[in-house]
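K.L.:
If you scroll down you'll find the structure; I have some questions about it.
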Amino acid sequence: MTATAAQPLLVAAFGLLGLLTSPLAELLITWSMPRLGGLPSPAIRFTTAVATAVLFALMTLRFGLSPALPAYLLLSVLAVQLSRVDIAHHLLPNPLVLVLLASGLGLLTMSAVLVPDWPGLLRAAAGGVILFLGYLILGLISPGGLGMGDVKLSAPLGMYLGYLGWTHVFYGGLLGFVVGGVVTVLMLRLKRGTKPSEVAHGPAMFAAAIGVALLVA
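Given below as structure tokens:
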């Protein structure tokens, strides 16, 4: 079978993996963090499973069977779950953010060893620090606009973007605020919130980072 013929099967296989990974992730989150309540409704679970499957397929198209793929699959499943929790509870739980950071760093280190790509790993570390400091400064200046959960989330996102390049860090960090602003305006116009601080910023950060990772060469 040719590589061209095998690619749709590979993408479909990883999409199915994402479909199965999502409910498992929700079970683990519910078991380890009971304070978040029980499992989400069937409609939400279906939505998160489909979203995870789509992201797994897109990441497979973007990275192929490269050593970096596992790291970005982890980003995909946790992006969906953290976005779900943030929308429902306006909370980005520290344990999940820490898993994204520590496990992501481990997987990116493995990728850097196998490729090898040590400059990429150093850039990932620097990207995480730079984006974290930028968000921290903004969070201290305008605590009503950014929560500390958003500040902490910027570290792993900067790391993932930094591994791909400095351009990714720049656009990923910038577009996070752009997407967040657009979502805030839309939510307020739909009268689903009464002030900007009620709109979860985590999903916008994930959308910008994943969009840049997928689309920027």
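When the sequence shown is numbered by UniProt numbering, its final residue is 217 and no position is left out of the sequence of numbers. From the three backbone atoms N, C-alpha and C, an ideal C-beta is built for every residue, glycine too. Keep in mind it's a predicted model, so treat the numbers as computed, not measured.
What would DSSP say about His90, mapped onto helix, strand or coil?
P.N.:
Along the sequence shown, one-based indexing puts residue 90 at 90. Note: His90 maps to coil in three-state DSSP.
K.L.:
In three-state DSSP terms, what is Thr194?
P.N.:
As a position in the sequence shown, residue 194 is number 194, starting the count at 1. At Thr194, the pLDDT of 48 sits below 50, so the modelled position is not reliable; the number obtained from the coordinates is stated separately. Correct three-state label for Thr194: coil.
K.L.:
Which of the three DSSP states is assigned to Leu107 in this structure?
P.N.:
Stepping through the sequence shown from its first residue, residue 107 is reached at position 107. Leu107 falls in the helix class under three-state DSSP.
K.L.:
I believe Met159 touches Ala125 by the beta-carbon criterion, under 8 angstroms. Please report the beta-carbon distance rounded to the nearest angstrom.
P.N.:
Numbered from its first residue, the sequence shown carries residue 159 at position 159. Numbered from its first residue, the sequence shown carries residue 125 at position 125. Indeed they touch by this definition, with Cβ atoms about 7 angstroms apart.
K.L.:
With Leu108 and Ala51 assumed to form a contact (beta carbons below 8 angstroms), what rounded beta-carbon distance in angstroms separates them?
P.N.:
If you number the sequence shown from 1, residue 108 lands on position 108. If you number the sequence shown from 1, residue 51 lands on position 51. Not a contact, Cβ separation roughly 23 angstroms.
K.L.:
Measure how close the beta-carbons of Leu101 and Ala155 come, nearest whole angstrom, since I'm counting them as under 8 angstroms.
P.N.:
What you label residue 101 is simply residue 101 of the sequence shown in a count that begins at 1. What you label residue 155 is simply residue 155 of the sequence shown in a count that begins at 1. Their Cβ separation, rounded to whole angstroms, is 6 angstroms, which keeps Leu101 and Ala155 in contact under 8 angstroms.
K.L.:
Using 8 angstroms as the threshold, is the C-beta distance between Leu78 and Asp86 below it?
P.N.:
By 1-based counting over the sequence shown, the position of residue 78 is 78. By 1-based counting over the sequence shown, the position of residue 86 is 86. No, these two residues do not count as a Cβ contact at 8 angstroms.
K.L.:
Please tell me whether Ala49 and Ser22 are closer than 8 angstroms, where the distance is taken between their beta carbons.
P.N.:
Taking the sequence shown and counting its residues from 1, one reaches residue 49 at position 49. Taking the sequence shown and counting its residues from 1, one reaches residue 22 at position 22. Yes, these two residues count as a Cβ contact at 8 angstroms.
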